[in-house]
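There are 6 protein chains.
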Amino acid sequence: MKYATLGELMLRLSTPGNQVYVQATSFDVNYGGGEANVAVSLANYGCDACFLSKIPTNDIGQSAVNSLRQYGVDTSRILRGGDRLGIYFLQTGASMRASKVIYDRAHSAIAEAKPEEFDFDELLEGVEWLHISGITPALSANAAEVTKLALMKAKEKGITTSFDLNFRSKLWTKEQAQACMVPLMKYVDYAIGNEEDAQNCLGFHLEGDVTSGKLDVEKYEAMLKALCKQYGFKGAATSLRESKSASWNGWAGALVKDGQFYLSKHYEINPIVDRVGGGDSFSAGLIYGLTHYEDPSDAINFAVAASALKQTIPGDYNHVGLKEVEVLMGGDASGRVQR
Amino acid sequence: MKYATLGELMLRLSTPGNQVYVQATSFDVNYGGGEANVAVSLANYGCDACFLSKIPTNDIGQSAVNSLRQYGVDTSRILRGGDRLGIYFLQTGASMRASKVIYDRAHSAIAEAKPEEFDFDELLEGVEWLHISGITPALSANAAEVTKLALMKAKEKGITTSFDLNFRSKLWTKEQAQACMVPLMKYVDYAIGNEEDAQNCLGFHLEGDVTSGKLDVEKYEAMLKALCKQYGFKGAATSLRESKSASWNGWAGALVKDGQFYLSKHYEINPIVDRVGGGDSFSAGLIYGLTHYEDPSDAINFAVAASALKQTIPGDYNHVGLKEVEVLMGGDASGRVQR
Amino acid sequence: MKYATLGELMLRLSTPGNQVYVQATSFDVNYGGGEANVAVSLANYGCDACFLSKIPTNDIGQSAVNSLRQYGVDTSRILRGGDRLGIYFLQTGASMRASKVIYDRAHSAIAEAKPEEFDFDELLEGVEWLHISGITPALSANAAEVTKLALMKAKEKGITTSFDLNFRSKLWTKEQAQACMVPLMKYVDYAIGNEEDAQNCLGFHLEGDVTSGKLDVEKYEAMLKALCKQYGFKGAATSLRESKSASWNGWAGALVKDGQFYLSKHYEINPIVDRVGGGDSFSAGLIYGLTHYEDPSDAINFAVAASALKQTIPGDYNHVGLKEVEVLMGGDASGRVQR
Amino acid sequence: MKYATLGELMLRLSTPGNQVYVQATSFDVNYGGGEANVAVSLANYGCDACFLSKIPTNDIGQSAVNSLRQYGVDTSRILRGGDRLGIYFLQTGASMRASKVIYDRAHSAIAEAKPEEFDFDELLEGVEWLHISGITPALSANAAEVTKLALMKAKEKGITTSFDLNFRSKLWTKEQAQACMVPLMKYVDYAIGNEEDAQNCLGFHLEGDVTSGKLDVEKYEAMLKALCKQYGFKGAATSLRESKSASWNGWAGALVKDGQFYLSKHYEINPIVDRVGGGDSFSAGLIYGLTHYEDPSDAINFAVAASALKQTIPGDYNHVGLKEVEVLMGGDASGRVQR
Amino acid sequence: MKYATLGELMLRLSTPGNQVYVQATSFDVNYGGGEANVAVSLANYGCDACFLSKIPTNDIGQSAVNSLRQYGVDTSRILRGGDRLGIYFLQTGASMRASKVIYDRAHSAIAEAKPEEFDFDELLEGVEWLHISGITPALSANAAEVTKLALMKAKEKGITTSFDLNFRSKLWTKEQAQACMVPLMKYVDYAIGNEEDAQNCLGFHLEGDVTSGKLDVEKYEAMLKALCKQYGFKGAATSLRESKSASWNGWAGALVKDGQFYLSKHYEINPIVDRVGGGDSFSAGLIYGLTHYEDPSDAINFAVAASALKQTIPGDYNHVGLKEVEVLMGGDASGRVQR
Amino acid sequence: MKYATLGELMLRLSTPGNQVYVQATSFDVNYGGGEANVAVSLANYGCDACFLSKIPTNDIGQSAVNSLRQYGVDTSRILRGGDRLGIYFLQTGASMRASKVIYDRAHSAIAEAKPEEFDFDELLEGVEWLHISGITPALSANAAEVTKLALMKAKEKGITTSFDLNFRSKLWTKEQAQACMVPLMKYVDYAIGNEEDAQNCLGFHLEGDVTSGKLDVEKYEAMLKALCKQYGFKGAATSLRESKSASWNGWAGALVKDGQFYLSKHYEINPIVDRVGGGDSFSAGLIYGLTHYEDPSDAINFAVAASALKQTIPGDYNHVGLKEVEVLMGGDASGRVQR
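Residue numbers (my numbering), protein chains in the order written: chain A, -16 to 322; chain B, -16 to 322; chain C, -16 to 322; chain D, -16 to 322; chain E, -16 to 322; chain F, -16 to 322.
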């Protein structure tokens, strides 16, 4: 089974250790981006995963492509060209000090690519699952059009689609997001998003203070069921993050599939090593789970275990393999040395 | 408003990560010292902060001066000369293993500077707030005399003064400290110090086991009020640290101003990244708070939030800005990524 | 008093920080191995500790020997030669992600050394305590024979012996382990091992789920007393680890000596910096304690405090000295900065 | 005497050691840009140097400003705002492998700043020397206008001006360069540029193969004199680089002042540590020399010695001080340890 | 055109900078091996290159595979399994101090693989060029058999073959080498090797002192022509290295093809960054050249330029691309910054 | 044969790579000092070498002692105590930029040690060769007295003595040096020193410009013979350094023994990695050579080859072994990889 994801891959420049920006005399180099992160996760589980994007031909762009190849992602369908690779800077938080992201992604190759450059008939050849996040259409009007073309073609070809709502306030307003994304939902089979995403991207609302560190499971069940009902999704899922501090989060997930609600196991991630990419590893885990387990409960548990493990690894990409996720799903969170 | 601080700036050499001294093949280089740390904090909040000291002309001394300029401190009034910059070594602890400081600060330029080298009429020109800690008079008899001259001149010029008691047993005995410091208190407007400092530097006593990790707020209120009464301070403040381990501390602060007691919010700092300089960032936060907020409660809450954040950043200096402190004061300790 | 330990010293290659293997572009270099770790600990407490092994003459072997000399271990009785130094790779875990060891130790100099190369009359000259772990006989048939010869000669010379059962499933099966180790027990004065070791190496069984993170003290008392009874040990001890996660363990220890049961203080190690070598530092602490304190309760408390501290330091070796262990034994786990 | 320079300050991201881009897992962080480099050099010689530009308010922009403050440059006249700080990537060459720069500087704050944001009456208050390079007008039409306004105002105020032609083919064509720069020459007192710059920026031509590693001094004398004659420059200078390899260059300089030709001493720079910023340190040295030495021969020798030393130091900035330059000017290139 | 190479891929552990082994507290991690290096070079030139080997399934083996994928090598035909990945340690020399390699490659997966595991009908499917070096048959009797099977099948399928003689005295004696390799020569189209290789592997002899740093071109012409004549090679080539020091080598190459002798340009590599893999990059360049240029003179010049550039880059792999090689072939060795 | 050396061991803090002081955010940690360096060299050649000094008991002092133990030096006779370990900072030069040392060694334990603390009867028990440099008496009046006592006792015990004149202008004037050192010469068997040392320490003079990079061998022969004659030395030697740049030196040595003059081979050290400690490795090589070779020509050639190799290794200590020195003595300076 061939999976494809479509989006932006960025150069990530992060301060080493606990340094803040003004102290840094070097930046750690990683590459990442929502949909690329999903593709790497899938490849790490042994899946045939293909990333679709446009990436410059210079050495920075090539290094980004190489990072995908290194982990087994099919990069043969990536368009090459454009002026620059988008960049984001990351200063990782600790305790009550939050992580701080600075985006420098405007004018990137994918943001400035034209819809006609993408021949989705070819690009989606043989693909059975297409995943996109809400970041992609937010990049530019062109990128929004590209997103739409991809989803339409996917439906035409009978490809299953998943969409991670993922609202980014630095890229657009919620009014812009809703105007773009609501019409796309009819091409989507599985939606992923938390309460803020649902509210900002689709106009849904969920009561409660998301900075309080406490969660109300019942509201999520209601939200997910309502989403499925309104948009005809086959399923909808959300990760459930309790933000106790930058170093300690509770972590779980919930899935509604075919009208049934499934709540995952709950983990305490302490310490968090790198929470960036946590949501993407959840999406990847869910996609893997939905296509490899019969029981939707296993799918959501796989997604949550995989994404909990991701947050103990530096970088956007999730480097855990099947076996490690399954050991954690199976209940062993003891962290005993594997010799 | 121009702030000045007077003291020693040292080269700090710390082992990387969790290494202990005997493992180190490199040392991380930082510069720090009680009053210099206060000046950097104030500059980071946008204040006009000036540091007073004597620093060698060699490249190590110049690097120390540069570190202050980098963060916007006015270094134009620093005397240059002397044989060496004081050094301290730091091995950062973890869990039940305490951090370990080795001082190599004897014979430093500031310790050997002569009182007549300091023309405080010029050095304090335009200054409205002067801050010194109890480390400065402890450096040498000369430094004690310099401290006294600075405080006297400040009073003469109508400059507000703050004094962080800060007892250092490696530098002098409590008898020596009291003989020197008690007479200085009449020049002080705001005193800062915990129970040990008050006891060692001024002869005050507070019951209880400071290594127990528990605090008794009422005793602190009594102590601060008694200090104000005895010495005629406009205010007195203390940070309240619960030392649960080298990696996890409770953190709060208390202030008595104009006879009123103010207790701050309480934070759990877990993990602590670097607690050295925590007290200095508290002093700086208090000075900023007292000169920018009407409500003393805001002042102590600013001081505590600022100094909690400091302890999540490596190095002596506190690199957080106004906005970050205010977000934490405002109640968001969730550590959610700022994008 | 001269102590000797006999075993394998390996090159340890670990990923920096929280990186996983596939991310590593450098490995941190340390040297370690069960019995070598014990020798270093003893040397750090000021004891005359001698390490017995066979190590190649190449620069990697020499670096391993140098690492022992650096910390004061007597390396003059190490045989030199053989093809290679054993290697192990380490990826340190975090939170629910376990540490992952990859062994590449087959065909090492010590594994391929022949029994006749070891003249234990000379090698044990002047030695009063000999320590070996169950890893040594597991290395090869030759190494098992060497272990037996050493223990027999020790008994002949009236040397006290301690044996850390330490089962390694990658090296042999429990059937093989029992066939080899049970007959050795008659030469052993002090046995060290947890429930899994006792079960795998000697056929003992203890109920309960060792991955649950909870401990049942009474069972350990029963086990240790039964071990002493069956094999005539002067004493038997075990560390008690509660594996809450890769970053947080409970830690304690228990000792039966002369029929009496002693339970140590209990510590929360959070965060764990490096748990590899934790058991060896427990053994070393116990040996030190048994030979320096009258009260067996002090011996087990020393062992547990020492090994708790070890787990806050990177590398196999325990770099804490007597004073630091005694401060923790004395009850100060506050982690306050030592200035 | 107050010096000002006007231009772009960029984040420089360079691969460590001899790594090429595709190998890098971290980038060394420096800040640099032609005119900023000149300002830092002047500040390091003890001059009052002021940098004029527009720099974003985010932490990356602040770090750039801090880097100037660290070395004593007056940053108080820098405009703050805009979307991004320009970036350039650097892979340092070795032997016959050339260094490779990738620019990602489009849309930077200074490139997008509007002329009306710059009040040069204020910005040049008290300034006696203004330096700009040909990179600044090449950034954008707006930047070209800003350059012109600055030069015109300088002339109006009687400020001496220097202009480093510095053609950058990635930023504009030689036709564009000439259209812009030729009219600016009437405001320029001292021009700096090699044969390629003169050809591309002003339409001058010099025979010979610049990649041959050999220089023809006579042609340079002719060129410099012709430049002075045609544009009425008080002086014109060029560095003379013999590119033998990426690691080894010959280095000298020539100056025509008041009709006289001065040729500097010649150095072999081997190895070159970092040649980026070499030309800027030449300009800074020349400016310093022209304003501090009577003899123009000393000025060009200072410029050449200073810039030779720069190329032995990593980063764009030249960290050598007056004394080191003067020792080299004085003839000691022996590199004997200074104890 | 599909190229395949067959051999061992090792973990390379090198001391950072100029450190010697006994100083190292970390090792730089690279992966390399003669034929793998050739495959990476070819992939970097845009060729379809496939590597054949057996590599363990553990994370160290996976990292080795990933390093090939990162640079675009087809790894889909690699057998997975076996006990360990071979290791080599490298301490890079400087000036008169030679680099020092320690091999720890015995018992590797490829050395212990059985001939019947390799189905060369499948493994060579679609391949048009097969390259092997003399290291592969030297690994073990099994590996020698595998080498023979590969070459025989290649001839059967009409695949062009190249063979880099590459004698390794640590792996076998020259008698063993000759017994194995002479019979293989009948399957070889292009042989690569210097005078020592020809002597040790095939019994050829060339007068002169190879440590003298001087070369005698005429002898090489004679040797290459004689080799072609005796074994019926289509061509034979050698790199010509003048070992002036560990930091400075002369570098050239010579080729005999169809009876004609071609001598390349000559380069001075100074400094050498990393000469390991230099010969492999020569082989790869020659293969590329022979399959892409009409004129054999271009082929040898491409090989020499490519391998000169390699020696300025750390690691076994050659990361230069077509354009950089062609610029150097074209005569520009000036090392001027490419902006 | 037991060798002893007496002197100061310092903490060396050097900037990484080519950084200058003001750029450094970390310092590389090494330990070194003239006589300690000699002891390490001798231990690396397999000799029984003992270091005599006074070193603090703190962790910095312990790390210094550990560094000696690591390389096999006998540290059992080192006095422990005092306030601080001396420090020196090092910024390594390149090309025409000289290395720059900043000393911070005043008030060190050895400088402040009292003569009566040293019982040379015990400290020199079993010693057959004693080596001291002119740095030791320069440290303080006490240290000068200690030096004298050691030399007198050595003569009394029939111990051969060598003395490296080693003038340090930062520690004393040449008048002070001569007043102290001339009277010591009667206890010295072998003197080592270049023309500047002879001039400053003993009042000898040699014509010529030592910064010119050229040497006049005849003058050295005359100087060495005159030294022997005047002071009755058994031998006198000097290294011959041609300082072409900080990166490239010529290197040779000369010895007069029993009236005969021996000139060594000559080497070009290019690049120099770290020339600090070069002279000490020459002394150590000479001592080794004089006690292991019959022919004085071999002794001086060993000294020069050893010290040439030292300058290719970072740190004060010379880590080369016998075999590497002998290969270079034997004429192979080709730097070919040792596999």
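Even glycine gets a Cβ: it sits at the ideal position worked out from N, Cα and C. This structure is a prediction, so every number in the text was calculated from the model and none was measured.
DSSP places E/Val256 outside both helix and strand once states are collapsed to three, so it counts as coil. Contact annotation for C/Gly76 against chain A: Thr295, Gly318, Val320 [CB-CB distance below 8 Å, chain order].
Boundaries around E/Asp11 are those of the beta strand (DSSP E), 9 to 15, since no alpha helix (DSSP H) includes it. A distance of 8 Å or more separates the beta carbons of C/Gly(-10) and C/Gly15.
Cβ neighbours of F/Arg60 within its own chain (closer than 7 Å, five residues either side excluded): Cys33, Leu35, Leu106. Legend: CB atoms of the segment 43 to 74 of chain F lying less than 8 Å from CB atoms of chain C belong to residues Asn49, Ser50, Arg52, Gln53, Tyr54, Gly55. For the C-beta of A/Arg151, the chain B residues within less than 9 Å are, from N- to C-terminus, Arg322. Put simply, the CB of E/Asp11 is near chain C, with a gap under 8 Å to one of its CB atoms. Contact annotation for B/Pro254 against chain C: Pro254 [CB-CB distance below 7 Å, chain order]. Within the segment 250 to 283 of chain B, the residues whose Cβ lies closer than 7 Å to some Cβ of chain A are Tyr250, Ile252, Asn253, Pro254, Val256, listed in chain order. Interface with chain A (8 Å Cβ-Cβ cutoff): C/Met(-16) is excluded.
In the three-state scheme derived from DSSP, where H, G and I count as helix and E and B as strand, E/Glu277 is classed as coil.
In this structure, C/Ser82 keeps its C-beta atom at 8 Å or more from the C-beta atom of C/Ser228. B/Met(-7): member of the beta strand (DSSP E) spanning -7 to -3, first to last residue. Residue contact with chain F for B/Asp87: present (Cβ-Cβ distance below 8 Å to some residue of chain F). For C/Asp42 against E/Val5, the beta-carbon gap comes to about 6 Å, under 8 Å, which counts as contact.
Taking C-beta atoms under 8 Å as the contact rule, E/Asn13 and E/Asp281 fail to qualify, at a distance of about 30 Å.
Apart from the 5 residues on each side of it in sequence, F/Val129 sits with its Cβ closer than 6 Å to the Cβ of Pro98, Phe101 in its chain, given in chain order.
The three-state reading of DSSP puts C/Val110 in strand, counting E and B together. Straight-line measurement puts the Cα of C/Gly117 at about 16 Å from the Cα of C/Val259. At a cut-off of 8 Å between C-beta atoms, C/Met79 counts as an interface residue with respect to chain A. Apart from sequence neighbours up to five positions away, the residues of its chain that approach E/Asn177 with a beta-carbon distance below 6 Å are Thr221, ordered along the chain. At a cut-off of 8 Å, the C-beta of B/Ala121 has no neighbouring C-beta in chain F. The beta carbons of E/Lys37 and E/Leu(-4) sit about 21 Å from each other, so the pair does not count as a contact at 8 Å.
Restricting attention to F/His249, F/Asp104, F/Gln2, F/Ile270, the CA atom closest to the CA of F/Ala219 is found in F/Ile270.
With contacts defined by Cβ atoms closer than 8 Å, C/Tyr71 and C/Val23 do not form a contacting pair.
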